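First comes the structure, then the notes that go with it.
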């Protein structure tokens with residue numbers, strides 16, 4: 001299971017969702033956080049984030065990042081939208097976030113914002129082949145999207161976000177008739193211009209996302225039924241209900257608005273322009289109602305992440321150990337023979353376990369042998385000739401995850417000596433090791449040389465083995481066919497094993513009764 005935190009830095013609020021992502025591409029939201037810190041307050045008039053807003057935003061982001069990491073969500077995707085995108089000092093703010101939290105924030109374009117929102121909607125509502133119109137009302141911008149279940153067909157970002165509109169058109173509450181008329185004229189102008197290129201005569205549905213849409217749905221549901229809305233997703237609001245709510249908000253003071261059941265106090269000034277935008281949109285496209293979707297940009301970021309990292313997510317589930325996962329990823333990147341490499345590792349570990357009385361090495365060394373065996377042929381990426389030397393350099397410079405620099409050096413040396421020359425003081429990388437580590441390299445590479453030879457044909461003919469210790473080291477081979485080539489190769493690779501254990505090595509194919517015992 002992969003853990004992902006998504007932070008959405010909007011003009012009106014900063015959200016975080018924590019998601020557990022399953023190998024099949026599904027996910028579960030395990031927690032949500034929201035702070036309506038109004039980062040965009042005052043930002044649109046002079047295109048600059050205020051000092052106060054930046055301090056407030058930084059404090060919220062620091063808290064969210066700490067919460068995520070404390071809960072084990074170290075992978076964090078963060079996006080910032082219109083307020084930061086348009087502010088002259090947006091880069092300063094993003095730099096401060098990086099400096100104080102180590103978090104890289106993506107400042108996304110309006111088009112990318114629309115793509116991510118629509119991606120979230122596609123996974124929140126069962127769309128069809130008929131085009132739908134999706135509208136997301138944020139603090140700084142309104143995103144309009146047209147699409148089907150297959151794809152996003154058209155997107156437009158409008159400067160009609162609720163905070164922006166309040167700053168530019170609604171200096172007092174309640175607004176005067178002149179203010180309302182001026183705002184409605186601008187809303188109509190921008191919506192008409194945005195809709196004109198669509199060339200869609202009738203939309204299958206109009207879908208509204210964002211907290212603004214969810215809150216107005218709650219208010220209208222309470223007015224309609226007297227009961228709270230149990231679920232925002234797929235809630236419907238009619239054009240008539242929007243018009244009635246708009247009129248109520250238009251004539252209400254701040255105090256009167258706060259008394260409206262269900263209205264979020266932090267949206268007391270911004271809900272009115274949002275309702276106007278939605279009402280005019282329905283009128284212009286001749287739709288009777290809109291449907292609320294509770295999936296939007298944050299869920300879009302999750303699905304985008306899943307699409308880009310599906311193989312990695314599956315690997316994390318199949319191979320939870322980060323070191324093994326990193327090693328196997330390098331094997332695959334280098335197009336090394338994976339089946340052979342894993343089989344050699346299996347044989348090498350059998351040799352290690354059954355000669356422990358002779359070498360006395362522990363679990364750490366056993367792991368180094370396994371990883372070196374898995375990686376011994378990665379040098380093929382450079383050239384077949386002298387690939388053992390190339391394997392050393394590939395491993396050494398591949399930045400394997402979960403290993404210390406010392407461990408990587410040891411694993412690279414073990415792999416380097418799986419064939420040809422034996423470890424020698426004239427080889428600088430080997431000679432630079434401590435005496436204890438040089439002994440370890442000699443023992444482990446001796447075992448690897450034999451294991452590799454026992455799969456000389458890469459057909460896994462030697463399926464497993466047993467070791468009998470005495471005056472000689474007798475390696476009993478359990479085979480699935482003619483192992484003459486493997487036995488011949490292994491005899492030629494036993495030299496180092498005989499040196500380190502100071503006794504001859506003998507190979508014997510198991511008799512039929514041994515193989516079936």
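In this note's numbering, the protein residues as written are 1 to 517.
Idealized CB from N, CA, C, for every residue including glycine.
For clarity, every value in this text was computed on a predicted model and none was experimentally measured.
Should residue i and residue j be called a contact, given that it needs their Cβ atoms to be closer than 8 Å?
i	j	result
residue 494	residue 462	no
residue 295	residue 124	yes
residue 239	residue 282	yes
residue 471	residue 445	no
residue 229	residue 213	no
residue 68	residue 5	yes
residue 519	residue 77	Any question about residue 519 goes unanswered here, given that the chain covers just 1 to 517.
residue 72	residue 306	no
residue 38	residue 163	yes
residue 455	residue 343	yes
residue 475	residue 501	no
residue 191	residue 284	yes
residue 235	residue 221	yes
residue 331	residue 341	yes
residue 350	residue 465	yes
residue 355	residue 467	yes
residue 219	residue 195	no
Taking only three categories from DSSP, how would you classify residue i?
i	result
residue 5	strand
residue 199	coil
residue 413	helix
residue 147	strand
residue 73	coil
residue 445	helix
residue 455	coil
residue 403	coil
residue 15	strand
residue 81	coil
residue 233	coil
residue 477	strand
residue 289	strand
residue 157	strand
residue 506	strand
residue 431	helix
residue 106	strand
Going by the C-beta, is residue i closer than 7 Å to any heavy atom of the ligand ZN?
i	result
residue 354	The ligand ZN is not among the ligands present in this structure, which contains no ligands whatsoever.
Grab me the residues of residue i's own chain with a C-beta within less than 6 Å of its C-beta, minus the 5 sequence neighbours each way, in chain order.
i	result
residue 334	378, 381
residue 431	425
Once you ignore the five residues that flank residue i on each side, which residues in its own chain have a CB closer than 7 Å to its CB?
i	result
residue 179	169, 170
residue 107	80, 84, 85, 90, 94
residue 448	348, 369, 372, 373, 376, 414, 418
residue 254	173, 268
residue 35	13, 14, 60
residue 479	461, 462, 463, 509
residue 361	440, 443
Have a look at residue i and residue j and give me their C-alpha separation to the nearest angstrom.
i	j	result
residue 30	residue 487	56 Å
residue 189	residue 161	15 Å
residue 7	residue 17	7 Å
residue 110	residue 137	12 Å
residue 41	residue 397	49 Å
residue 181	residue 276	11 Å
residue 151	residue 132	11 Å
residue 121	residue 300	8 Å
residue 119	residue 324	34 Å
residue 82	residue 315	36 Å
residue 100	residue 61	9 Å
residue 321	residue 363	15 Å
residue 518	residue 156	Residue 518 cannot be examined here, being either before or after the span of the chain that is shown, 1 to 517.
residue 496	residue 511	27 Å
residue 257	residue 274	14 Å
residue 88	residue 437	57 Å
residue 400	residue 50	44 Å
residue 28	residue 75	16 Å
residue 452	residue 328	17 Å
residue 288	residue 207	12 Å
residue 127	residue 211	21 Å
residue 112	residue 319	33 Å
residue 193	residue 58	37 Å
residue 252	residue 65	39 Å
So, under 8 Å CB-CB, residue i and residue j are touching, yes? Tell me the CB distance rounded to an integer number of Å.
i	j	result
residue 279	residue 243	6 Å
residue 359	residue 443	5 Å
residue 270	residue 12	7 Å
residue 392	residue 429	7 Å
residue 45	residue 167	6 Å
Leaving aside the five residues before and after residue i along the sequence, list all residues of the same chain whose C-beta is less than 8 Å from its C-beta, in chain order.
i	result
residue 184	276, 280
residue 457	485, 486
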